[in-house]
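Numbering (the working numbering), first residue to last: 334 to 422.
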């Protein structure tokens, strides 16, 4: 677990941007829950699914979200809405 935390810290220190955290800095959502002890029902999880981008793309991000209300797995979907088309701002 600590190796994963250190790895994520290294990515952020290298300049990559956590899109969900940038768009929803005050909101706490998880993207994974253990099947044990009704963790999802009790919302005791981890946020282990990310979209990281380079700083140059920050202005193109429209939204980032974690769809934790969609059931079917121990993970939930993470979504990134980004405009990188020819007319992007």
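Ideal Cβ placement from N, Cα and C applies to all residues, glycine included. Quantities reported herein were computed from a predicted structural model and do not represent experimental measurements.
List the residues that DSSP assigns as beta-bridge partners of residue 394. 415
Inspect the beta-carbon positions of residue 381 and residue 365 and report whether they are closer than 8 Å. yes
Sub-8 Å separation of residue 356 and residue 393 beta-carbons: Not a contact, by the Cβ cut-off of 8 Å.
For residue 391 versus residue 350, is the C-beta spacing smaller than 8 Å? It is a contact, given that the beta carbons lie within the stated cut-off.
Residue 407 - DSSP class collapsed to helix/strand/coil: coil
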